[in-house]
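Protein sequences, first through last, are from chains A, B and C. Here the first sequence stands for residues 2 to 307, numbered as in my numbering. Here the second sequence stands for residues 237 to 753, numbered as in my numbering. Here the third sequence stands for residues 53 to 345, numbered as in my numbering.
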Amino acid sequence: MKSYIARRLGYSMISILLLSVTIFMFVRLTGDPTTLLVEPGASQSEIEAIREQLGLDRPIWVQYATFMANLSMGDFGQSFYYRMPVSELYLSRLPNSLLLAACAMIFSLVIGIPSGVLAAVRVGRFWDKAGKVFALLGLSMPAFWVGLVMILFFSVFLEWLPSSGSGTVLHIIMPAFALGWYFAAAHMRLTRSSMLEVLGSEYVKLARLKGLPEAIVIAKHALKNAVIPVLTLAGINLVVMVNVAVVVETVFAWPGIGRLLYEGIAFRDFPVVQGVVILGGGMIVFVNLLIDILYAVIDPRIRLER
Amino acid sequence: MSRYRYSHGQRLLAAVLAFGLAILAPASLDAAKPEGQLTYAVHVTLAPTWFDPAETAGIITPFMVMYALHDALVKPMPEKLLSPSLAESWSVSEDGMVYEFVLRPGTKFHNGEPVTAEDVKFSFERYRGASAGLMKERVASVETPDARHVRFLMKAPWPDFLTFYATASGAGWIVPKAYVEKVGEDKYKKAPIGAGPYKFVSFAPGVELVFEANEQYWRKVPSVKRLVFKVIPDEATRLAALKRGEVDIAYSIRGELGEELMRTPGLTLKPVVLQASSWLYFPDQWDTKSPWHDQRVRNAASLAVNRPGMNEAITLGHSLITGSIIPDSFEFFWQPPAPVHDPARAKKLLAEAGFPNGFDGGDFYCDASNTPFCEAILDGLRSAGIRVTLRPIERAAFSKGYSDKKFKNLIYGASGAFGNAATRLEAFVVKDGAYAYGSYPDIDALQSRQAAELNQTQRVALLHKMQQIVHERTIYAPIWQLGFLNGVGPRVGQSGFGLISRFPYTAPYEDVTLKAK
Amino acid sequence: MVMRTESAAVPTRFAFIRFADFPVIPALILAGIGFVAVFANQLAPYDPEIGSLQLRFKPPAWQEGGSMAFLLGTDHVGRDVLSRLIFGARVSVIVGFTAVMVAGVMGTTLGIVSGYLGGWVDMVIMRLTDAWLALPALTFAIFLAAIVGPSELNIIIILGAVYWTRYARVIRGEVLSLKEREFVRLAIVAGCSKGTIMRRHILPNVINSAIVLGTLMLGVVVVTEASLSFLGVGVPPPKPAWGLMLADGKKGMMVGYWWLTVLPGCCIMLMVLSANLLGDWLRDKLDPQLRQL
Numbered sequence: 002m003k004s005y006i007a008r009r010l011g012y013s014m015i016s017i018l019l020l021s022v023t024i025f026m027f028v029r030l031t032g033d034p035t036t037l038l039v040e041p042g043a044s045q046s047e048i049e050a051i052r053e054q055l056g057l058d059r060p061i062w063v064q065y066a067t068f069m070a071n072l073s074m075g076d077f078g079q080s081f082y083y084r085m086p087v088s089e090l091y092l093s094r095l096p097n098s099l100l101l102a103a104c105a106m107i108f109s110l111v112i113g114i115p116s117g118v119l120a121a122v123r124v125g126r127f128w129d130k131a132g133k134v135f136a137l138l139g140l141s142m143p144a145f146w147v148g149l150v151m152i153l154f155f156s157v158f159l160e161w162l163p164s165s166g167s168g169t170v171l172h173i174i175m176p177a178f179a180l181g182w183y184f185a186a187a188h189m190r191l192t193r194s195s196m197l198e199v200l201g202s203e204y205v206k207l208a209r210l211k212g213l214p215e216a217i218v219i220a221k222h223a224l225k226n227a228v229i230p231v232l233t234l235a236g237i238n239l240v241v242m243v244n245v246a247v248v249v250e251t252v253f254a255w256p257g258i259g260r261l262l263y264e265g266i267a268f269r270d271f272p273v274v275q276g277v278v279i280l281g282g283g284m285i286v287f288v289n290l291l292i293d294i295l296y297a298v299i300d301p302r303i304r305l306e307r
Numbered sequence: 237m238s239r240y241r242y243s244h245g246q247r248l249l250a251a252v253l254a255f256g257l258a259i260l261a262p263a264s265l266d267a268a269k270p271e272g273q274l275t276y277a278v279h280v281t282l283a284p285t286w287f288d289p290a291e292t293a294g295i296i297t298p299f300m301v302m303y304a305l306h307d308a309l310v311k312p313m314p315e316k317l318l319s320p321s322l323a324e325s326w327s328v329s330e331d332g333m334v335y336e337f338v339l340r341p342g343t344k345f346h347n348g349e350p351v352t353a354e355d356v357k358f359s360f361e362r363y364r365g366a367s368a369g370l371m372k373e374r375v376a377s378v379e380t381p382d383a384r385h386v387r388f389l390m391k392a393p394w395p396d397f398l399t400f401y402a403t404a405s406g407a408g409w410i411v412p413k414a415y416v417e418k419v420g421e422d423k424y425k426k427a428p429i430g431a432g433p434y435k436f437v438s439f440a441p442g443v444e445l446v447f448e449a450n451e452q453y454w455r456k457v458p459s460v461k462r463l464v465f466k467v468i469p470d471e472a473t474r475l476a477a478l479k480r481g482e483v484d485i486a487y488s489i490r491g492e493l494g495e496e497l498m499r500t501p502g503l504t505l506k507p508v509v510l511q512a513s514s515w516l517y518f519p520d521q522w523d524t525k526s527p528w529h530d531q532r533v534r535n536a537a538s539l540a541v542n543r544p545g546m547n548e549a550i551t552l553g554h555s556l557i558t559g560s561i562i563p564d565s566f567e568f569f570w571q572p573p574a575p576v577h578d579p580a581r582a583k584k585l586l587a588e589a590g591f592p593n594g595f596d597g598g599d600f601y602c603d604a605s606n607t608p609f610c611e612a613i614l615d616g617l618r619s620a621g622i623r624v625t626l627r628p629i630e631r632a633a634f635s636k637g638y639s640d641k642k643f644k645n646l647i648y649g650a651s652g653a654f655g656n657a658a659t660r661l662e663a664f665v666v667k668d669g670a671y672a673y674g675s676y677p678d679i680d681a682l683q684s685r686q687a688a689e690l691n692q693t694q695r696v697a698l699l700h701k702m703q704q705i706v707h708e709r710t711i712y713a714p715i716w717q718l719g720f721l722n723g724v725g726p727r728v729g730q731s732g733f734g735l736i737s738r739f740p741y742t743a744p745y746e747d748v749t750l751k752a753k
Numbered sequence: 053m054v055m056r057t058e059s060a061a062v063p064t065r066f067a068f069i070r071f072a073d074f075p076v077i078p079a080l081i082l083a084g085i086g087f088v089a090v091f092a093n094q095l096a097p098y099d100p101e102i103g104s105l106q107l108r109f110k111p112p113a114w115q116e117g118g119s120m121a122f123l124l125g126t127d128h129v130g131r132d133v134l135s136r137l138i139f140g141a142r143v144s145v146i147v148g149f150t151a152v153m154v155a156g157v158m159g160t161t162l163g164i165v166s167g168y169l170g171g172w173v174d175m176v177i178m179r180l181t182d183a184w185l186a187l188p189a190l191t192f193a194i195f196l197a198a199i200v201g202p203s204e205l206n207i208i209i210i211l212g213a214v215y216w217t218r219y220a221r222v223i224r225g226e227v228l229s230l231k232e233r234e235f236v237r238l239a240i241v242a243g244c245s246k247g248t249i250m251r252r253h254i255l256p257n258v259i260n261s262a263i264v265l266g267t268l269m270l271g272v273v274v275v276t277e278a279s280l281s282f283l284g285v286g287v288p289p290p291k292p293a294w295g296l297m298l299a300d301g302k303k304g305m306m307v308g309y310w311w312l313t314v315l316p317g318c319c320i321m322l323m324v325l326s327a328n329l330l331g332d333w334l335r336d337k338l339d340p341q342l343r344q345l
């Protein structure tokens, strides 16, 4: 077991390392941030001065080595645009992102699990189709569109909810729903298929034979077991949500990580982009590692695989 | 006895009050105490570098913050472009070598320290923004004979000094020397202190900025207690927030959203013409094999663009259609005839140039944020037979491509850089200009002559001549000075839009008011 | 993938499919979109890229102020919305299908190679996949768009480059179990080269999964394309792409120009929903193992 964990940990480190190299090279391929920091017509010496100030005049491998050395001490560098430590920026946005992801997850599960259960219990019938279509709708419409329609309807027309920003419970409803609906389909699908699997299993058949009412069989015996893989997926998706909310955050002016990253790219703020991507990627790799280990604990055969 | 004293005190008080009222009359009538909160929906991402005048890039956006937080010796104000502010007066020596400023008495920074000549010198020397190179090149030294007098000594006569010092850079904006030195550069951006009408309260990077009125401000006590700037990147969301009353002023509401704004009761559209011009550029005009080499083709392109239509559609008629790449407010500006929209003549010119069926003009490059304008331009060009393909490029890559001279065929360019006609021509027209893909010898010759010319009238004539050639040769097809459309909500009294000529934001902030309840 | 049970062996032929609950409507919708895409030139009344500023924001024919000349109204440059929707089908189909193909071919190949060869090859490919997956897809796409600049072709390449990892993961998992099966062992004994085995024996057995994944990815790709347009790095205007129309029209929504967003939005929704429903059905029939996608 120990050697398995050690091996998985090693793999994760390699992935992160690869990610760091990839992102480091990528940001530098997107262009020179100095052109954005000076105005058209700036002299060459001015540009050089800024490049030197930002440390961009050094050979790229030196830059990378410095970056990794600082990173190993937990220092992600200074933002070019905000002129403050990336970690500070990240931490100031993280609570917002986590809050949004958590609320979105609640919406997503509230839509996904019931529609999945309905679909599994009524295979091929109306509720199967209706549940499926509703969950899939979220996947089928670009989040920015859902968001704008909601702003138009709930903020401008009904005047129930604030259009944008953060601060109160009311602020979070629309962005969380727009984000959560998108993920609902995945949760619906998994609930449905794992419900189908559990409903076909021996002990559910046994429960039915005992003459228990169908509702109790489904709620107590089937759902309890079927929901485990769904919650596992939800765990992964929670992390994914933190990192993919760019569009929703832009529409609702929600101050999260996604927008920090998007603006980082737009401003060519290399340290911000590197920091956000590596931290986000690290989170995903870490969650995957946890899940792998968890499965290995449950199922010893896996330890021998790979 | 006590009674007598009391009445004596009363009389004294009355006298003092009367005297006080006499001096403070305008201020106390405006608002004795700042009240209420005004919220802005801002279209750009606020950066801490804007809190520090020393970092001012040569663009207008930082001034949105600087007019609140800081003050300058001399700055553009509603009254005039060069308005005395922290300086009450200035003089230039006869040989043009020395500029002397006299500081206004009694002005204070937010921490209560007085503004002194030392601060002015310190701020100037600390300035490292866009014009820092130019300043170092031309200014020999700064002297502070006493706390209220500052002298700038030139290396050679520099008639444009005030233009750059007071209007086109952040060099003339004053920071407190003692405070900056005490807290250090990085801390200063976190808790900036200035001499402006508003004090810094808090800043969440990229999210929200809060200011509070500085009741000690010399010009007048601001009327609004708190200013809150919220970053809302999406235009439609900004309008929604304004409609709901979540914000009072929303920047940049274009096109159909602007129309909706005008239709909404209680909201007002406040257009401002920017000191930034946009144009079509023909980088291939020096390539004899290119169709763009033929001036008739360039003329045809210019004639094909439906500027009034674009103006109506996108900026509701509030842009300034122009025939020059130089903003009309710049010094040495020469007014060319207004461009015309005439698709029939465009087709005729193309036919004369040997393209009766039009031609494939290749790629048309633009900054992605200008795509809506370029779509409209493209439409005009195509209907005249100039078939080009739009290549919207993300801003950073666009500026790099433009200045690296990588683009061909057609470019939609724009510049909001400060300066005057001479600096604009230098960058965009003259040989080796940062954005000039080629040049004409006669213009280059005029450029070197005007740079050496000390006689102002002569210089103006030369610069006008250059602009005339640029126009006659259709080196550019200028489009417009963009109208910047903003929305103002029902609670706002004086929004401050348009008070300072060609300034896009609400300023001066101390003049901004809320309506009385 | 780890919870594979014996009872769910992978069927390899389409003959096993029951067509009883075939999703007829989604299939018809997709076929319709395909038809429109192919015959766009014949169907569209106007040039989708040329308009006239005087004719901007004309509402659909049945609304007040609309005219039969522009059945579905005009957009912010005065272009005919119907024509743009028709040509937009072509762009969406081309971008969607080609991007899915690019991702599918890359991912499947790498998945097979990785799973079958194992060892350091597997190690390298899988770590790369992990690193790739750790980068949010949309972010990654924005990056690539910033590097190569937007054009229809580049968007296809970008989407392909972003989404191949999903195929690689799934296909590799399939291959791992396939290579223990009788017929593969027999092929090895018979002296087939590794290349032949991968091509002749493994590939036909994973193609089902690839197809199912493809139908599901089609939706993801089309929505991502629209989101890229919203962020300003999608298919460049004036190309009539649905995502771009949606992003362009979003401003008009607040003003009451509903047709500019509702119509392309519905087109996207119909296409993606149909592709997903069809994909769900295919997966249930062909390959129940892929349920987590």
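Even for Gly, the Cβ is constructed at its ideal location relative to N, Cα and C. Fair warning: this is a prediction, and the values are worked out from it, not measured in the lab.
Among the bridge pairs identified by DSSP, residue 446(B) is matched with 438(B) and 464(B). For residue 101(C), at least one C-beta of chain B is nearer than 9 Å to its own C-beta. By the rule that beta-carbons nearer than 9 Å mark a contact, residue 542(B) touches chain C. The contact set of residue 328(C) on chain A, defined by CB atoms closer than 8 Å, consists of 137, 140, 141 and 186 in chain order.
Here the alpha carbons of residue 316(B) and residue 306(B) stand approximately 19 Å from one another. Taking C-beta atoms as the reference points, residue 540(B) and residue 619(B) count as a pair closer than 9 Å.
As the crow flies, the alpha-carbon of residue 201(A) is around 19 Å from that of residue 333(C).
Here residue 303(C) carries a helix assignment [DSSP, helix/strand/coil]. Rounded to whole angstroms, the gap between the alpha carbons of residue 674(B) and residue 316(C) is 44 Å. The stretch 109-174 of chain A is shown to contain no whole beta strand (DSSP E) run of 3 or more residues. Contact of residue 174(A) with chain C is not assigned, every C-beta pair being separated by 9 Å or more.
Residues of the stretch 460-480 of chain B that bring their beta carbon within less than 7 Å of a beta carbon in chain A comprise 466, 467, 468, 469, 470, 472, 473, 476, 477, 479 and 480, in sequence order.
Nearest neighbour of residue 454(B) by Cα position, chosen from 375(B), 422(B) and 342(B), turns out to be 342(B). For residue 382(B), the enclosing beta strand (DSSP E) begins and ends at 375-382. Taking the CA atoms as reference points, residue 330(C) sits about 7 Å from residue 78(C).
Cβ-Cβ separation between residue 189(C) and residue 215(C): approximately 7 Å, consistent with a contact (criterion under 8 Å). Contact annotation: the stretch 605-622 of chain B touches the stretch 570-587 of chain B, with at least three C-beta pairs closer than 8 Å. For the C-beta of residue 281(B), the chain A residues within less than 7 Å are, from N- to C-terminus, 264. Spanning the alpha carbons of residue 464(B) and residue 168(A) requires a straight line of approximately 14 Å. Here residue 96(C) carries a coil assignment [DSSP, helix/strand/coil]. Note on geometry: alpha-carbon atoms of residue 150(C) and residue 130(A) lie some 29 Å from one another.
Burial state of residue 571(B) is exposed, judged by a 10 Å Cβ sphere holding fewer than 16 other Cβ atoms.
In the assembly as shown, residue 679(B) is a buried residue. Its beta-carbon has 16 or more other beta-carbons within 10 Å. Residues are counted here when their Cβ sits less than 8 Å from a Cβ of chain A; for the stretch 294-310 of chain C these are 295, 298, 299, 302, 305 and 306, given in chain order. As the crow flies, the alpha-carbon of residue 420(B) is around 16 Å from that of residue 347(B).
Contact with chain B is absent for residue 52(A), since none of that chain's Cβ atoms lies less than 9 Å from the residue's Cβ. Between residue 160(C) and residue 277(A), the alpha-carbon positions lie close to 30 Å from each other. In terms of CA proximity to residue 225(C), 178(C) leads the group 248(C), 178(C) and 267(C).
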